[in-house]
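Only one structure is covered here, and it is reproduced in the block below.
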Amino acid sequence: MKSVCIYGYGGPEVLVYEDAPRPHPDAGEVLVRVHAAGINPVDWKIREGHLKEMLHHTFPLVLGWDVSGVVESLGTGITRLKVGDEVFSRPDIARDGAYAEFIVIKESELALKPKSVDHIHAAALPLVGLTAWQTLFDAGGLSAGQRVLIHAAAGGVGHVAVQLAKWKGAHVIGTSSARNHEFLRNLGVNQVIDYDTERFEEVVQPVDIVLDTMGGDTQERSWKVLKPGGILVSIASPPKAETAAAHGVRQAFVFTQPNSTQLAEIAKLVDAEKLKVIVETILPLSDATRGQELSQRGHGRGKIVLRVVYPQ
Ligand SMILES: NC(=O)c1ccc[n+]([C@@H]2O[C@H](COP(=O)([O-])OP(=O)(O)OC[C@H]3O[C@@H](n4cnc5c(N)ncnc54)[C@H](OP(=O)(O)O)[C@@H]3O)[C@@H](O)[C@H]2O)c1
Numbered sequence: 001m002k003s004v005c006i007y008g009y010g011g012p013e014v015l016v017y018e019d020a021p022r023p024h025p026d027a028g029e030v031l032v033r034v035h036a037a038g039i040n041p042v043d044w045k046i047r048e049g050h051l052k053e054m055l056h057h058t059f060p061l062v063l064g065w066d067v068s069g070v071v072e073s074l075g076t077g078i079t080r081l082k083v084g085d086e087v088f089s090r091p092d093i094a095r096d097g098a099y100a101e102f103i104v105i106k107e108s109e110l111a112l113k114p115k116s117v118d119h120i121h122a123a124a125l126p127l128v129g130l131t132a133w134q135t136l137f138d139a140g141g142l143s144a145g146q147r148v149l150i151h152a153a154a155g156g157v158g159h160v161a162v163q164l165a166k167w168k169g170a171h172v173i174g175t176s177s178a179r180n181h182e183f184l185r186n187l188g189v190n191q192v193i194d195y196d197t198e199r200f201e202e203v204v205q206p207v208d209i210v211l212d213t214m215g216g217d218t219q220e221r222s223w224k225v226l227k228p229g230g231i232l233v234s235i236a237s238p239p240k241a242e243t244a245a246a247h248g249v250r251q252a253f254v255f256t257q258p259n260s261t262q263l264a265e266i267a268k269l270v271d272a273e274k275l276k277v278i279v280e281t282i283l284p285l286s287d288a289t290r291g292q293e294l295s296q297r298g299h300g301r302g303k304i305v306l307r308v309v310y311p312q
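Residue numbers for the sequence shown follow the working numbering, so the first one is 1 and each next one is one higher.
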């Protein structure tokens, strides 16, 4: 099969597009024929070795942990899925990823893909959808009528988080550059803040939840906009418990986990037209390097997806 892998950590030049053996599913696993693989910042962070203390990968390593495709074959003990099912997943990040024609995924990490969208859009959704769900709902406990500030609201995570928060009935405030203001208003953001010309902590009324996608200075300045007892949920860098306590608020760090039940809920929302994923760039699998370089610039709107094409 064709795949994009790395033989060691490094820059975009370490990505290799090559033929590799097709993997085989063991008990509880499914072989999926990949139709599309989403690109996320974690792909190039792993490529550069930033997560090597946490994840003990072996080489060659296939990158990419967002996928939509079709069940090709089953390992033993599979009860929920059958050959031919259209599925999507954010598979285990400790194993080979989805920049390939085939990937083996645990059944517990797969859900049926939304019926109303193609594989490209389904592949853009699992990682950012689960991240938005687990930060806003599991960690943040967001409920109707609450106020939430979402940093990088036009990005992969942000634009899905905006829609999930609106679906819950929250008042949503989002930061972006001016280029994305119209986009965010169209998604339903109630207050759009230009991070180039405004200091969000000077213009935001107190909020119940901050979704911190940036870390650093953005996280530091976010403490002040929380209501007493509010919560800062970060996916960028672990917030300090002492700082939270000093501000009379709470904090959480989320590292997104695979979850087929939540994925099925996300698929339902897509099919009910309550959630749409925006794909800004579609590239062939062989162009993964370009896709990662674009992602690494950090100013995309929505998502970048690799398409896998098979000869007819
Ligand atoms: N912990 C986890 O499990 C987890 C899960 C998912 C993601 N993450 C991390 O979360 C971060 C965001 O992920 P993503 O997929 O959403 O990335 P992304 O799609 O690459 O984010 C790009 C967005 O960031 C915005 N942006 C850049 N600088 C900004 C600033 N100073 N203030 C506000 N917005 C800014 C850009 O808006 P403009 O174009 O308007 O500048 C762009 O829309 C990444 O670091 C990723 O690794 C962590």
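Note that beta-carbon positions come from the ideal geometry of N, C-alpha and C, so glycine has one too.
Its chain contains Gly38, Asn40, Trp65, Asp66, Arg90 and Thr256 as the residues whose beta carbon lies nearer than 7 Å to that of Leu127, once the 5 sequence neighbours on both sides are disregarded; these appear in chain order. In this structure, the alpha-carbon of Gly188 lies about 8 Å from that of Val172. CA-CA distance, His247 to Val148, rounds to 17 Å. DSSP, reduced to helix, strand and coil, places Ala36 within a strand of the structure shown. Nearest Cα to Tyr310 within the set Ala27, Glu13, Glu29 and Val34: Val34. The Cβ atoms of Gly28 and Gly75 lie closer than 8 Å to each other.
Glu72 and Ser116 have their C-alpha atoms roughly 21 Å apart. Around the C-beta of Ala111, 16 or more other C-beta atoms lie within 10 Å, and the residue is accordingly described as buried. Distance from the Cα of Glu201 is smallest, within the candidate group Asp217, Asn186 and Ala123, for Asp217. In the three-state DSSP reduction, Thr281 falls in the strand class (E or B).
Sixteen is the threshold: when 16 or more other Cβ atoms of the shown chains lie within 10 Å of the Cβ of Ser176, as they do, the residue is buried. When secondary structure is reduced to three states using DSSP, Val4 falls in the strand class. Gly77 sits exposed, since fewer than 16 C-beta atoms from the chains shown fall within 10 Å of its C-beta. In this structure Lys106 is buried. Its beta-carbon is surrounded by 16 or more other beta-carbon atoms within 10 angstroms. Thr131: member of the alpha helix (DSSP H) spanning Pro126 to Trp133, first to last residue. A direct Cα-to-Cα measurement between Val233 and Pro206 gives close to 15 Å. Between Ala98 and the set Arg22, Thr213 and Asn186, the nearest pair of CA atoms involves Arg22. Contact between Val32 and Val87 holds: their C-beta atoms lie close to 6 Å from each other, under 8 Å.
Cβ neighbours of Ala139 within its own chain (closer than 8 Å, five residues either side excluded): Ile231, Val233, Ala252 and Val254. By DSSP's assignment, Lys303 forms a beta bridge with Val279. Within the chosen limit of 7 Å, ligand 1 reaches the beta carbon of Ser295 through at least one heavy atom.
Annotation: Leu263 to Leu130 spans about 7 Å, alpha carbon to alpha carbon. Within the stretch 108 to 173, the runs of alpha helix (DSSP H) that reach at least 4 residues and sit entirely inside it are, in chain order, 119 to 123, 126 to 133 and 156 to 168. Membership of Ser73 in the beta strand (DSSP E) is indicated by the continuous run Val67 to Leu74.
Under DSSP, Lys45 forms no beta bridge with any residue.
If the five residues before and after Gln134 are omitted, its C-beta is found closer than 8 Å to the C-beta atoms of Val254, Thr256, Gln257, Asn259 and Gln262, all from its own chain and listed in chain order. Not one heavy atom of ligand 1 sits closer than 7 Å to the Cβ of Pro114.
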